[in-house]
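Colleague: Taken in order, these protein sequences are the chains called A and B. First residue of the first sequence: 26, per this note's numbering; consecutive thereafter. First residue of the second sequence: 26, per this note's numbering; consecutive thereafter. C-beta: ideal position from N, C-alpha, C; glycine also. Since the model is a prediction, treat every value here as computed from it, not as a measurement.
2 protein chains.
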Amino acid sequence: MTERTAGSIRARVRAEMLEEIKNVARRQLAEDGTDLSLRAVARDMGMVSSAVYRYFASRDELLTALILDAYNALGEACEKAGAAVEDRSDFAGRWLAVAHALRDWAVARPHEYALIYGSPVPGYAAPQDTVEPSIRPVVVLGAILNDAHNAGALAGVFATPPPKALLPELRAIKDVVAPDVSEAAMVRALIAWTELFGAISFELFGRFNDTITDLAGWYDHQARMMALFLGIDDQPAHV
Amino acid sequence: MTERTAGSIRARVRAEMLEEIKNVARRQLAEDGTDLSLRAVARDMGMVSSAVYRYFASRDELLTALILDAYNALGEACEKAGAAVEDRSDFAGRWLAVAHALRDWAVARPHEYALIYGSPVPGYAAPQDTVEPSIRPVVVLGAILNDAHNAGALAGVFATPPPKALLPELRAIKDVVAPDVSEAAMVRALIAWTELFGAISFELFGRFNDTITDLAGWYDHQARMMALFLGIDDQPAHV
DNA sequence: TCCTTGTCAAGAGCACTGCTCTCGGATGTG
DNA sequence: CACATCCGAGAGCAGTGCTCTTGACAAGGA
Chain A
26 MTERTAGSIR ARVRAEMLEE IKNVARRQLA EDGTDLSLRA VARDMGMVSS AVYRYFASRD
86 ELLTALILDA YNALGEACEK AGAAVEDRSD FAGRWLAVAH ALRDWAVARP HEYALIYGSP
146 VPGYAAPQDT VEPSIRPVVV LGAILNDAHN AGALAGVFAT PPPKALLPEL RAIKDVVAPD
206 VSEAAMVRAL IAWTELFGAI SFELFGRFND TITDLAGWYD HQARMMALFL GIDDQPAHV
Chain B
26 MTERTAGSIR ARVRAEMLEE IKNVARRQLA EDGTDLSLRA VARDMGMVSS AVYRYFASRD
86 ELLTALILDA YNALGEACEK AGAAVEDRSD FAGRWLAVAH ALRDWAVARP HEYALIYGSP
146 VPGYAAPQDT VEPSIRPVVV LGAILNDAHN AGALAGVFAT PPPKALLPEL RAIKDVVAPD
206 VSEAAMVRAL IAWTELFGAI SFELFGRFND TITDLAGWYD HQARMMALFL GIDDQPAHV
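#1: Who are the neighbours of Q247(B) on chain A, taking C-beta pairs under 9 Å?
#2: Grab the span of the alpha helix (DSSP H) containing D172(B) for me, first residue to last.
#3: So E56(B) contacts chain A; which residues on that side make the cut at Cβ distance below 8 Å?
#4: Verify whether the separation of the beta carbon atoms of L93(A) and P158(A) is less than 8 Å.
#5: Spell out whether any CB of chain B is found under 8 Å from the CB atom of F81(A).
#6: Is there a C-beta anywhere in chain B that falls below 8 Å from the one on V231(A)?
#7: Decide if G231(B) is buried, meaning its Cβ has at least 16 other Cβ atoms within 10 Å, or exposed.
#8: Is it true that the segment 117-137 of chain A meets the segment 90-107 of chain A, where meeting means three or more beta-carbon pairs spaced less than 8 Å apart?
#9: Starting from L253(A), find everything on chain B with Cβ-Cβ shorter than 8 Å and list it in chain order.
#10: Could you check what DSSP says for A31(B) in three-state terms: helix, strand or coil?
#11: Please state the DSSP three-state secondary structure of L61(B).
#12: Can you name the residues that DSSP bridges to L54(A)?
#13: Mind the definition here: the segment 115-127 of chain B touches the segment 169-183 of chain B only if three or more C-beta pairs lie below 8 Å; say whether that holds.
#14: Verify whether the separation of the beta carbon atoms of G223(B) and E220(A) is less than 8 Å.
#15: Just the C-alpha distance for K47(B) and A106(B), rounded to the nearest angstrom, thanks.
#16: A124(B) and A210(B) - do their beta-carbons sit closer together than 8 Å?
#17: For chain B, is any of its Cβ atoms less than 8 Å away from the one on I92(A)?
#18: Is the CB of E194(B) under 8 Å away from at least one CB in chain A?
#19: For L191(B), which residues in chain A fall below 9 Å Cβ to Cβ?
#20: In terms of residue numbering, what span does the alpha helix (DSSP H) encompassing G71(B) cover?
#21: Return helix, strand or coil for I257(B), following the three-state DSSP convention.
#22: Below 8 Å on the Cβ atoms is my guess for E194(A) versus T238(B); work out the distance and round it to an integer in Å.
#23: Quick one: what's got a C-beta closer than 7 Å to V264(B)'s C-beta in the same chain, skipping five residues either side?
#24: Take the Cβ of Q53(B) as the centre, count every other Cβ of all protein chains shown within 10 Å, and call the residue buried at 16 or more, exposed below.
#25: Between the C-alpha atoms of V73(B) and R35(B), what's the straight-line distance to the nearest angstrom?
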């Protein structure tokens, strides 16, 4: 027992160090607006750079840890926002809640958003561990779509059948995300998801040079238009 | 005359050097998959790094030149593709042509696409010169929308009026891009543009982990769905 | 109690980066 | 021919990721 306790102490201290290093890295990423530098992180912690390598074998490994955390944090934010809507049959409301959670999280942590949805880091290849947490937001949106369909609240707008070649892969995605809906509805959902992602990227990466200033309002309108495109009834009052 | 000829010679050699440096930089960006390194560019050209500084005052300046070139190349590709459609009243055909030009260019030069539409480089701020070339693709798409509207070929689907707060800025964009259409149509166009951008980014930045393999087909379907969303009649046969 | 073992921080060092400076040679201009 | 300009080379500075070695410390077993 004693040796296991001792091991646990070691492990706990180590886990705290891991968290501390990641937090400092996140802060530097956000504040300095510079690249992630292991040496800078070490300096900030009053350590020498080689000491950090006791905890992360390379800069990429630290980056991977940050990316994983970011995926999970974003996924959790979406899940919570989706679950917080009391009226489960208010599908448009649920859709908007998740869409806004998406943007709110990204706007609050633009650098972490860039980490997971920006251009990939040159030499870096995302390990397979990032796949599962990366689809959590899509799963949340898919559940809303599925519920709306099963409640008969999914309008049949734009039920254009997708090309046959795409059907198998669409079905595979659908089975994971929204098994009950049609392939055409799944297409609309993927498009809506793509649009939201594009909207947030446009905003965060500064592709709107002062042309649109009310970015929150513009995003809200886009999310509502995408709800219409999806065919989700918007029973609450339209703003 | 002689001095102007001589000056021209000097200027021409200098211009060639500028192009050469940019070409080597582009090649390294594409092949090595690494960050842009002035020293590596110089090494590749058989020069010493300090010599490159005769032509570009800093790494950022070289980066800016590459970004400007990329914007203009993409804009030109879109303009050519849009102009190559003989039947000017085939608005869906024009839309699809430009949409595919967009993706084709990006797929052929993923690193240059990442340069202009990926996450911004940490310390880097895009100079104002990049604004004008950056909107060239949007202008092309706007012209199609405007032509379709004036030909009465713009269906009134999803003519949801945008919130009043957004109207002034929407009008400002509209006046530059598609002056004759309604604000609601302009909204749909911006959304469609955002979706296309998101789709290309998802593809190039590897956000589809094997879930979709027929990326060209998937993009084509998205572009067609966006044409429907826009309300552009698709008179040619649907594939 | 002594001693082994694992863990950790520190420091030196390598190869690379962006960038600055100076120096010497080439080139075109008067 | 003399002058001015331009350009390439080289040294050097501060920073980076990463490796290796060294010394300190704590935990566990004999």
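Modeller: Looking at the coordinates:
#1: V212, L215, I216, T219
#2: 161-175
#3: Going along chain A, no residue has its Cβ under 8 Å from E56(B), so there is no contact; the nearest lies around 12 Å.
#4: yes
#5: no
#6: First, the residue type needs correcting, since residue 231(A) is Gly and not Val in the sequence shown. Chain B, which has a Cβ nearer than 8 Å to the Cβ of G231(A), makes this yes.
#7: exposed
#8: yes
#9: F183, T185
#10: Interpretation of A31(B) is limited by its pLDDT of 45, a score under 50 that renders its predicted location unreliable; no figure is taken from the coordinates.
#11: coil
#12: Beta-bridge pairing links L54(A) to no other residue.
#13: yes
#14: yes
#15: 25 Å
#16: no
#17: no
#18: yes
#19: I237, D239, G242, W243, H246
#20: First-last for G71(B): undefined, no H or E at that position.
#21: strand
#22: 7 Å
#23: The pLDDT assigned to V264(B) is 36, lower than 50, so where the model puts this residue is not dependable; a value taken from the coordinates is nonetheless given after this. Hits under 7 Å: none found.
#24: buried
#25: 21 Å
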